[in-house]
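Participant: Dumping the structure here so I can ask a few things about it.
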Amino acid sequence: MSEHRRWGTELGWAGALVLLAILAPLWVLSGRLGIAAWFAIAVSWIAFPPIVAVAIGQFALIALTPADIDLLTVLPTEIGLLGLLIVDVGSNHSLREVALLVGSVLALSTFALALTLTNGIVVAMLCSLTVLAVISYLFHRYLLLSLGHLSPSDDT
1 MSEHRRWGTE LGWAGALVLL AILAPLWVLS GRLGIAAWFA IAVSWIAFPP
51 IVAVAIGQFA LIALTPADID LLTVLPTEIG LLGLLIVDVG SNHSLREVAL
101 LVGSVLALST FALALTLTNG IVVAMLCSLT VLAVISYLFH RYLLLSLGHL
151 SPSDDT
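Residue numbering for the sequence shown follows UniProt numbering, beginning at 1 and increasing consecutively.
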């Protein structure tokens, strides 16, 4: 399957719309540097697997966001980056897998927010990393099973 297959489907336009939706919050957050970061995200969306664009977007948010910014200001960009993953998963996988991705992200986000409100940001980060590692392992295991590289009875 070609890396550029998503532009040959109807969902390719959804990816373009999500990219445009990311442009405005990045511009509001950082001006010209935000536009440069958006350009890097857009180019990587076209040239590389979608997770690369999401990773570049996350690093751009870390680098460009002022320290005193609140969560609601960053939320539109985060939702847009999640939208890129949903568009890609939706174009290549079933509705069940899209629902699994969205549900996992919502559960992890709710967990992190609850920990942040009760125990502080450091505890939330440590606990969220642990939960994320478990979810990542489960997704990896599911992918290996769905591709047929492992049988369900394998212990590895």
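Cβ coordinates follow ideal geometry from the N, Cα and C atoms, glycine included.
Between L29 and T65, is the Cβ-Cβ spacing less than 9 Å?
Facilitator: Within the sequence shown, residue 29 is the residue found at index 29, counting from 1. Within the sequence shown, residue 65 is the residue found at index 65, counting from 1. A contact, by the Cβ cut-off of 9 Å.
Participant: Give the single residue among V134, T118, L84 and S44 whose Cα lies nearest to the Cα of W13.
Facilitator: Numbered from its first residue, the sequence shown carries residue 13 at position 13. The residue with the shortest Cα to Cα distance from W13 is L84.
Participant: Go ahead and pull the three-state DSSP assignment for A36.
Facilitator: Here residue 36 is taken as the residue at index 36 of the sequence shown, counted from 1. Of the three classes helix, strand and coil, the one that applies to A36 here is helix, per DSSP.
Participant: Should D68 go down as buried or exposed, given a rule of 16 or more other Cβ atoms within 10 Å for buried?
Facilitator: Against the sequence shown, residue 68 aligns to sequence position 68. Answer is exposed; the Cβ neighbour count stays below 16.
Participant: Measuring CA to CA, which of L61, L108, V87 and T73 is closest to V134?
Facilitator: Within the sequence shown, the letter at position 134 stands for residue 134. Looking at the Cα atoms, L108 is the closest of the given residues.
Participant: According to the Cβ coordinates, are G103 and G80 closer than 9 Å?
Facilitator: What you label residue 103 is simply residue 103 of the sequence shown in a count that begins at 1. What you label residue 80 is simply residue 80 of the sequence shown in a count that begins at 1. No, the Cβ-Cβ distance between G103 and G80 is not below 9 Å.
Participant: Give every residue of the same chain whose Cβ lies closer than 7 Å to the Cβ of W38, excluding the five residues on either side of it in the sequence, and list them in chain order.
Facilitator: Taking the first residue of the sequence shown as position 1, residue 38 is located at position 38. The answer, listed in chain order, is I22, L23 and L26.
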